Structure formats: structure tokens, C-alpha cells
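A.B. asks:
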Amino acid sequence: DAGVTQSPTHLIKTRGQQVTLRCSPISGHKSVSWYQQVLGQGPQFIFQYYEKEERGRGNFPDRFSARQFPNYSSELNVNALLLGDSALYLCASSLGAGEQPQHFGDGTRLSIL
Amino acid sequence: GQQLNQSPQSMFIQEGEDVSMNCTSSSIFNTWLWYKQDPGEGPVLLIALYKAGELTSNGRLTAQFGITRKDSFLNISASIPSDVGIYFCAPFYNQGGKLIFGQGTELSVKP
Numbered sequence: 001d002a003g004v005t006q007s008p009t010h011l012i013k014t015r016g017q018q019v020t021l022r023c024s025p026i027s028g029h030k031s032v033s034w035y036q037q038v039l040g041q042g043p044q045f046i047f048q049y050y051e052k053e054e055r056g057r058g059n060f061p062d063r064f065s066a067r068q069f070p071n072y073s074s075e076l077n078v079n080a081l082l083l084g085d086s087a088l089y090l091c092a093s094s095l096g097a098g099e100q101p102q103h104f105g106d107g108t109r110l111s112i113l
Numbered sequence: 114g115q116q117l118n119q120s121p122q123s124m125f126i127q128e129g130e131d132v133s134m135n136c137t138s139s140s141i142f143n144t145w146l147w148y149k150q151d152p153g154e155g156p157v158l159l160i161a162l163y164k165a166g167e168l169t170s171n172g173r174l175t176a177q178f179g180i181t182r183k184d185s186f187l188n189i190s191a192s193i194p195s196d197v198g199i200y201f202c203a204p205f206y207n208q209g210g211k212l213i214f215g216q217g218t219e220l221s222v223k224p
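Protein sequence lines correspond, in order, to chains C and P.
Going left to right, the first sequence walks through residues 1 to 113 as my numbering numbers them.
Going left to right, the second sequence walks through residues 114 to 224 as my numbering numbers them.
#1: Can you say whether residue 94/C is buried or exposed, counting buried as having 16 or more other CB atoms within 10 angstroms of its CB?
#2: Would you decide whether residue 177/P is buried or exposed? Buried here means 16 or more other CB atoms lie within 10 Å of its CB.
#3: Helix, strand or coil for residue 70/C, going by three-state DSSP, please let me know.
#4: Whether or not the segment 78-87 of chain C and the segment 32-39 of chain C are in contact is what I'm after, with contact meaning three or more pairs of Cβ atoms, one per stretch, closer than 8 Å; do they touch?
#5: Quick check: is the beta carbon of residue 35/C nearer than 9 Å to any beta carbon in chain P?
#6: Does DSSP put residue 204/P in a helix, a strand or coil?
#7: Beta-carbon within less than 6 Å of residue 12/C's beta-carbon, same chain only, minus the 5 sequence neighbours each way: which residues are those?
#8: Please list the residues of the segment 199-213 of chain P that have a C-beta atom closer than 7 Å to any C-beta atom in chain C, keeping them in chain order.
#9: Closer than 9 Å between beta carbons: that is the criterion. Which residues of the segment 20-34 of chain C meet it against chain P?
#10: Who are the neighbours of residue 146/P on chain C, taking C-beta pairs under 9 Å?
#11: Starting from residue 45/C, find everything on chain P with Cβ-Cβ shorter than 8 Å and list it in chain order.
#12: Would you list the residues sitting across from residue 211/P in a DSSP beta bridge?
#13: Buried or exposed, going by whether 16 or more other CB atoms sit within 10 Å of the CB of residue 25/C?
#14: List the residues of chain P whose Cβ lies closer than 7 Å to the Cβ of residue 42/C, in chain order.
#15: Could you give the residue range of the beta strand (DSSP E) that holds residue 177/P?
#16: Return the first residue and the last residue of the beta strand (DSSP E) that residue 89/C is part of.
In C-alpha cells, the structure reads:
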């Protein structure tokens, strides 16, 4: 069975640009969460979506937004990119909003020049 | 906010040795998860704990959910080279549905 899949695997952008990252959850999972992992640190929670609605939001600026589609896949958008946005962006899926455990994809490595 | 302390930050051990790492929190949690992350990959779930006092094993790995619900530990017995990686504790915070990750324990195993 396919796990959580994320695309693209790597991305290079310049400051001020916008980026869209994509995630497909494990089949049957209805909740998707996004995390940002800066080099040398643990992942930090950005968003959780369940049944197309935002269920949780971490301490990130409004430049970060996300949405979930009827097939439960999700997109993370980041506008006006800053150098500090360079990180590994991880997507995790779970059966439901409060259900554990969450299973992670291998992430999208975003580099800002 | 929640404060989570994971220790040690790094460990250098000989193959065959046992390893222990732990996490302590200022908050109470109902779920503790342990993940391992290899370079260039996402975290992989090792063990999930759902009840205070629970002791759960997965092969050579054993984890316990502390009675106070503010801590958890992970033991690895008879370490092997493929145990190398970064281990994260991640308690689940019900409000907002988020996992809170520790700083990680980087494990190095010398053959």
C-alpha cells in the first residue's frame, strides 16, 4: 500500500516568490497535517485539515495557507518567500482529526535563494 | 505553551550496547509517539503509547508512557549499525491536533 506521498521532492525558489507543495494521504486517511522542519530541529506544526476544514493552526504567519480537497489530498501554499522559509516541509496523515498515529511522507526540501 | 525536553541530544555507542533516551514535558498528554528519522527522509513511526504506565515493545525497542503523563522513555537493546539516525519523541496535543516534537536524540553506532 502506498504511504504518504509528497511532491515535488526538491524545490528551489527566490525571495518573494510563491510556492505550492502537494500531499496525498494514505488511502482511507481523512486528516492531513503539515509540519516545517528546519535543519537540526524537530518538525514544527503548521496546519491540520480534516474533511476539508482547518482544524488546527500553528504559530506561522498568514503567508502560509493550505487547503484540502474532496479526495483528502492537500496543498500547502507559502507566499512572499523569505530566506528563513528554507526547510523540509513534511505532510502527515491520520484516520481522523484526533486519531493517532500520524504517518509522515518524505517531505519537500524547499531552498530559498 | 508546552515545553518539551528530550535527552540526551546525541549518543555515541558501540554496536551491541543498550540505549536509553527520554522526554519530559511541563504539560500532560494523552498520547506519546516515538519516531526515527534518517537523513533525507520523513519520520517513521516506531511506537505509539496511549495510556499512562503503558509499556510497549517493537522488536528491540521498548517505550513507556510515564505515570504522570508528562514523560516517556525509549530503550533500544543490542544496538546495530542500522539504528543510526535521529529519534524524536512526539506527544499529541488534542487542541489543534498537533504533534509536538522534541529536539531529537542523534544516535551513532560504532561497528
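All C-beta atoms in this analysis are idealised placements derived from N, C-alpha and C, irrespective of residue type, glycine included.
Only a predicted model underlies this, so the values are computations on that prediction, with no experimental measurement involved.
C.D. replies: Let me lay it out:
#1: Your numbering for residue 94/C matches position 94 in the first sequence. Of the other Cβ atoms in all chains shown, 16 or more fall within 10 Å of the Cβ of residue 94/C; this residue is therefore buried.
#2: For this step, residue 177/P is matched to residue 64 along the second sequence. Classification of residue 177/P: buried, given that the 10 Å Cβ count is 16 or more.
#3: Counting from 1 along the first sequence, the entry for residue 70/C is found at position 70. Residue 70/C falls in the coil class under three-state DSSP.
#4: The segment 32-39 of chain C makes contact with the segment 78-87 of chain C; the number of CB pairs closer than 8 Å reaches 3 or more.
#5: Locating residue 35/C in the first sequence gives position 35, where the first residue counts as 1. Closer than 9 Å to some Cβ of chain P, the Cβ of residue 35/C qualifies, so yes.
#6: Locating residue 204/P in the second sequence gives position 91, where the first residue counts as 1. Residue state, collapsed to three classes: strand.
#7: In the first sequence, counting from the first residue as 1, residue 12/C sits at position 12. 111, listed in sequence order.
#8: For the segment 199-213 of chain P, the residues whose beta carbon sits under 7 Å from a beta carbon of chain C are, in order, 201, 205, 207, 209, 210, 211, 212.
#9: For the segment 20-34 of chain C, which is checked against every Cβ of chain P, the residues closer than 9 Å are 31, 33.
#10: The count along the second sequence starts at 1 and reaches residue 146/P at position 33. Neighbours of residue 146/P on chain C, chain order: 100, 101, 102.
#11: Position 45 of the first sequence holds residue 45/C. Listed along chain P, the residues sitting closer than 8 Å to residue 45/C by beta-carbon distance are 209, 211, 212, 213.
#12: Walking along the second sequence from the start, residue 211/P turns up at place 98. Beta-bridge annotation (DSSP): residue 211/P is paired with 206/P.
#13: The residue you call residue 25/C lines up with position 25 of the first sequence. Around the C-beta of residue 25/C, 16 or more other C-beta atoms lie within 10 Å, and the residue is accordingly described as buried.
#14: Locating residue 42/C in the first sequence gives position 42, counting from the first residue. Going along chain P in sequence order, the residues near residue 42/C (Cβ under 7 Å) are 201, 214, 215, 216, 217.
#15: Locating residue 177/P in the second sequence gives position 64, where the first residue counts as 1. Unbroken beta strand (DSSP E) run through residue 177/P: 174-178.
#16: Your numbering for residue 89/C matches position 89 in the first sequence. Counting along the chain, the beta strand (DSSP E) containing residue 89/C begins and ends at 87-94.
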